[in-house]
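**Q**
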Amino acid sequence: DKEISQVSGTWAMEVHNGHPDSNNLGGGGKPSTESMWDRVLSTGTRLFGIATDDSHHYTGEFSFDRSNPGRGWVVVKSDALDQDSLMKAMSAGEFYASTGVVLGELSISPSELVIELDPRTDEKLTTVFYGKHGRELWRSEGPVARYKPSKLDGYVRSTVESSRGTRAWTQPIFLEN
């Protein structure tokens, strides 16, 4: 994460890589990718989080130990589906990353963050809001999560965890002192 903070010209980092050999959750004394993201964000570096499937196996068996598609992606809020519009929206943080959780409406401002989860799901969902140094700020159960940030939070982002083992990550909003 120290090295990531020193890189210039980048706007995103991978918080989830769907390849079966990826160590997204860390362990063995190594931090998770999400923890590394929080460390970078805590330096004031504005960096968005993405999820990828890192697929290599498009045919044959779909299994845990193969690098199949559909294990990570981004959902972009864009005016159009052309490359320029999508990249403009992504570079502004108008997207979320997911491994399967589908979000409904997102209302993110310095005064309140509201996440409405997709009403068509029967998953049990937990939304956790995080701030500077990866500190847990608020935990919410159910289809709507709200958090009113404080400038002391530094930044606020959220992770939505599903009972099915999938997740989604919203982009951070930085709160000026």
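Under the numbering used here, the first residue of the sequence shown carries the number -8, and numbering increases by one thereafter.
No residue lacks a Cβ here, since even glycine has one placed at the ideal position from N, Cα and C.
On a predicted model such as this, the values are computed, not experimentally measured, just so you know.
Cα separation between S69 and S26?
**A** So the alpha carbons of these two residues sit roughly 28 Å apart.
**Q** Starting from W28, follow the alpha helix (DSSP H) in both directions and report where the run begins and ends.
**A** Its alpha helix (DSSP H) spans residues 24 to 33.
**Q** Is the Cβ-Cβ distance between V105 and F86 less than 8 Å?
**A** It is not a contact, given that the beta carbons lie outside the stated cut-off.
**Q** Looking only at DSSP bridge pairs, what is W129 linked to?
**A** Note: W129 sits in a beta bridge opposite F120.
**Q** Please list the terminal residues of the continuous beta strand (DSSP E) segment that includes A136.
**A** A136 -> beta strand (DSSP E) spans 135 to 138.
**Q** Pick out whichever of R148, T117, E167, S102 has its Cα sitting closest to the Cα of R155.
**A** It is T117 whose Cα lies nearest to the Cα of R155.
**Q** Can you look up L166 in the DSSP assignment and give me helix, strand or coil?
**A** Correct three-state label for L166: coil.
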